[in-house]
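J.:
Number of protein chains: 2
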Amino acid sequence: MYRIGELASLCEVKPDTLRFYEKHGLLAPSSRSESGYRVYSDADLSRLKFILRAKAVGFSLNEITELLSIELNKAEWACADVKGMVDDKLEQVSAKIAELLVFQDSLKRLSDACCGGPESAEHCSILEALETNRQVQAEHHAGFTPVADNKNLKASLAISAANKGKSSCC
Amino acid sequence: MYRIGELASLCEVKPDTLRFYEKHGLLAPSSRSESGYRVYSDADLSRLKFILRAKAVGFSLNEITELLSIELNKAEWACADVKGMVDDKLEQVSAKIAELLVFQDSLKRLSDACCGGPESAEHCSILEALETNRQVQAEHHAGFTPVADNKNLKASLAISAANKGKSSCC
DNA sequence: CTTGACCTTGGATTAAACTCCAAGGTTTAT
DNA sequence: ATAAACCTTGGAGTTTAATCCAAGGTCAAG
Ligand SMILES: [Zn+2]
Ligand SMILES: [Zn+2]
Ligand SMILES: [Zn+2]
Ligand SMILES: [Zn+2]
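Heads up: the sequence lines are chains V and R, in that order. Under the numbering used here, the first residue of the first sequence carries the number 1410, and numbering increases by one thereafter. Under the numbering used here, the first residue of the second sequence carries the number 1410, and numbering increases by one thereafter.
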């Protein structure tokens, strides 16, 4: 049995957050002390962990409410329903990744086209590209690395910083 | 040249959104008609597209403002500044991609572990994974083994009889 | 018996990014 | 010429997920 502060620190959230969850029907303490303190059971702890896990995996509180309603009455739902929800989320995430990769690519092109020197940016090719929205040419050799890799990213940045004169705006 | 509604429907946003962007310094129409209507140019359209693309991949409007603000006072910036900003964004994008890939992976594992059939979700491995702390195994084809539950052996057998050979929860 | 840490409530505030509204002015089409 | 469909403005409301505040009640320690 836990008081609100105990449960909160146990799960690394704030008491206010638990009251918020209660107000929104996600998690109510299974009892109250004589003096009115919220008292959470281990089942409540499990439920909170469920909520936090789902949240960590990117579900909104509304979606989690939906998941919890399945949890409460599993027998009335099919695997298809549950899987459908996850697959929807998966599709959203994949779409977002695809968009990010496009954006990463255009930022890379912008970066590569700029000399990065101390000169006035008046003729900076990045700014020119932003103003005119002219696409900066993709570098034939650079290709497009689809996976985030900070080591490679830093290396490539270091390299492009090193050949200032080569691919520059100024 | 576009009026606000034209530009809005062209980019699938609402006129209100464009007024909001204007109020917050992201996109001002390059002129006004005699009667005071906002008139957007193709450059404005391009700028809007940039904004929307950046937004679509998770940049806040503040970040987008920062990125676009370089353009306004070019002379006060050096190429190094501009490029540094772009490179910062690039790093952020890469970090976001990495995060999303992890998320995508865990969703995939959840999805793969579920049969997705019309059976009761009582033993759905997605729900089990959310209920427990156990990670769904990566990659190993039949890796996910549901917790032994002899109580529901009968149901379990019935369901697996209905299953078409997929590695699944049921 | 007082201090301090905890708890209660309702309500206010935050932040981002819209979204809607009222009360009018303008264009366009029939 | 009059309605429909735009546009203008300022301001208020919405959503999500908290977070904070005020005013007070409870509890263990010194
Ligand atoms: Zn430059
Ligand atoms: Zn330069
Ligand atoms: Zn199943
Ligand atoms: Zn399932």
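In this text, a Cβ means the ideal position worked out from N, Cα and C, and glycines have one as well.
Bridge partners of V/VAL1448, per DSSP?
T.: Within the first sequence, numbered from 1, the residue matching residue 1448 of chain V stands at position 39. Answer is V/SER1440, bridged to V/VAL1448.
J.: Please name the residue or residues paired with R/TYR1411 in a DSSP beta bridge.
T.: Locating residue 1411 of chain R in the second sequence gives position 2, counting from the first residue. R/TYR1411 pairs with R/TYR1449.
J.: Under 8 Å between beta-carbons, which chain R residues line up against V/LEU1509? List them in chain order, please.
T.: Locating residue 1509 of chain V in the first sequence gives position 100, where the first residue counts as 1. Correct list: VAL1466, GLY1467, VAL1502, LYS1505, ILE1506, LEU1509.
J.: From V/MET1410 to R/LYS1492, what distance separates their C-alpha atoms?
T.: What you label residue 1410 of chain V is simply residue 1 of the first sequence in a count that begins at 1. What you label residue 1492 of chain R is simply residue 83 of the second sequence in a count that begins at 1. So the two alpha carbons sit approximately 55 Å from each other.
J.: Of all the CB atoms in chain V, is at least one closer than 8 Å to the CB of R/ILE1473?
T.: Numbered from its first residue, the second sequence carries residue 1473 of chain R at position 64. R/ILE1473 does not count as touching chain V.
J.: Just the residues with CB closer than 6 Å to a heavy atom of ligand 1, in chain order, which are they?
T.: This criterion selects V/CYS1523, V/CYS1524, V/ALA1530, V/CYS1533, V/SER1534, V/ILE1535, V/CYS1578, R/CYS1488, R/VAL1491, R/LYS1492.
J.: Assuming R/CYS1524 contacts V/CYS1578 (C-beta within less than 8 Å), just tell me the rounded distance between them.
T.: Taking the second sequence and counting its residues from 1, one reaches residue 1524 of chain R at position 115. Taking the first sequence and counting its residues from 1, one reaches residue 1578 of chain V at position 169. So it is not a contact: roughly 56 Å between Cβ atoms.
J.: Output, in sequence order along the chain, the residues in the segment 1507–1535 of chain R whose CB is closer than 7 Å to any CB in chain V.
T.: Hits within the stretch, in order: ALA1507, LEU1509, LEU1510, PHE1512, GLN1513, SER1515, LEU1516, LYS1517, LEU1519, SER1520, CYS1523, CYS1524, GLY1525, GLY1526, PRO1527, GLU1528, SER1529, ALA1530, GLU1531, CYS1533, ILE1535.
J.: With a 10 Å radius around its C-beta and 16 neighbouring C-beta atoms as the bar for buried, classify V/LEU1481 as buried or exposed.
T.: Numbered from its first residue, the first sequence carries residue 1481 of chain V at position 72. That one is exposed.
J.: Mind checking which residues open and close the alpha helix (DSSP H) that includes R/PHE1429?
T.: If you number the second sequence from 1, residue 1429 of chain R lands on position 20. Note, R/PHE1429: alpha helix (DSSP H), 1424–1432.
J.: Considering just the uninterrupted stretch of the alpha helix (DSSP H) at R/GLY1493, what are its terminal residues?
T.: Locating residue 1493 of chain R in the second sequence gives position 84, counting from the first residue. 1488–1522 is the extent of the alpha helix (DSSP H) around R/GLY1493.
J.: Give me, in chain order, the residues of the same chain whose beta-carbon lies closer than 7 Å to that of V/LYS1464; leave out the 5 immediate sequence neighbours on both sides.
T.: Within the first sequence, the letter at position 55 stands for residue 1464 of chain V. Answer for V/LYS1464: ILE1473, listed in chain order.
J.: In whole angstroms, give me the CA-to-CA distance for R/ALA1551 and R/LEU1516.
T.: Numbered from its first residue, the second sequence carries residue 1551 of chain R at position 142. Numbered from its first residue, the second sequence carries residue 1516 of chain R at position 107. For R/ALA1551, the predicted structure reports a pLDDT of 35, less than 50, and the residue's modelled location is therefore unreliable. A value from the coordinates is still provided. Each residue's Cα considered, the two are about 16 Å apart.
J.: Answer yes or no: does any C-beta atom of chain R fall closer than 8 Å to that of V/CYS1420?
T.: Within the first sequence, residue 1420 of chain V is the residue found at index 11, counting from 1. Output row for V/CYS1420: interface = no.
J.: Are the C-beta of V/LEU1457 and some C-beta of chain R separated by less than 8 Å?
T.: Indexing the first sequence from 1 puts residue 1457 of chain V at position 48. For V/LEU1457, the answer is no, since every Cβ of chain R falls outside 8 Å of its Cβ.
J.: List, in order along the chain, the chain V residues whose C-beta lies closer than 8 Å to that of R/ASP1453?
T.: Start at 1 with the first residue of the second sequence, and residue 1453 of chain R comes out as number 44. Per Cβ cutoff of 8 Å: no residues; R/ASP1453 is ~10 Å from chain V at best.
J.: Going along the chain, which residues of the segment 1430–1443 of chain V sit with their C-beta nearer than 8 Å to a C-beta in chain R?
T.: Of all residues in the segment 1430–1443 of chain V, none has a Cβ within less than 8 Å of some Cβ in chain R.
J.: For R/SER1418, which of helix, strand or coil comes out of DSSP?
T.: For this step, residue 1418 of chain R is matched to residue 9 along the second sequence. Helix.
J.: Measure the C-alpha to C-alpha separation of V/ASP1497 and V/ILE1506 and round it to an integer number of angstroms.
T.: Residue numbering aside, residue 1497 of chain V sits at position 88 when the first sequence is read from its first letter. Residue numbering aside, residue 1506 of chain V sits at position 97 when the first sequence is read from its first letter. Roughly 14 Å between the two C-alpha positions.
J.: Would you mind stating whether R/LEU1476 and V/GLN1513 have Cβ atoms separated by less than 8 Å?
T.: Locating residue 1476 of chain R in the second sequence gives position 67, counting from the first residue. Locating residue 1513 of chain V in the first sequence gives position 104, counting from the first residue. No, these two residues do not count as a Cβ contact at 8 Å.
J.: Starting from the Cα of V/SER1450, find the closest Cα among V/LEU1419, V/LEU1470, V/GLY1467 and give me that residue.
T.: Working through the first sequence from its first residue, we reach residue 1450 of chain V at position 41. Among V/LEU1419, V/LEU1470, V/GLY1467, the Cα nearest to that of V/SER1450 belongs to V/LEU1419.
J.: Confirm the yes/no value for this check: CB of V/GLU1528, any heavy atom of ligand 5, distance under 7 Å.
T.: You won't find ligand 5 in this model; what it holds is ligand 1, ligand 2, ligand 3 and ligand 4.
J.: In this structure, does DSSP put V/SER1455 in helix, strand or coil?
T.: Within the first sequence, numbered from 1, the residue matching residue 1455 of chain V stands at position 46. V/SER1455 falls in the helix class under three-state DSSP.
J.: Straight-line CA distance for R/TYR1446 to R/ARG1412?
T.: Start at 1 with the first residue of the second sequence, and residue 1446 of chain R comes out as number 37. Start at 1 with the first residue of the second sequence, and residue 1412 of chain R comes out as number 3. Rounded to the nearest angstrom, the two C-alpha atoms are 7 Å apart.
J.: Give a yes or no on whether 8 Å exceeds the smallest Cβ distance from R/ALA1417 to chain V.
T.: Stepping through the second sequence from its first residue, residue 1417 of chain R is reached at position 8. Chain V contact via Cβ: absent.
J.: DSSP state of R/SER1469, grouped into three classes?
T.: Within the second sequence, the letter at position 60 stands for residue 1469 of chain R. Three-state result, R/SER1469: coil.
J.: Taking C-alpha atoms, which residue in R/THR1426, R/ASP1425, R/LEU1454, R/HIS1433 lies nearest to R/SER1439?
T.: Stepping through the second sequence from its first residue, residue 1439 of chain R is reached at position 30. Checking every option, the nearest Cα to that of R/SER1439 belongs to R/LEU1454.
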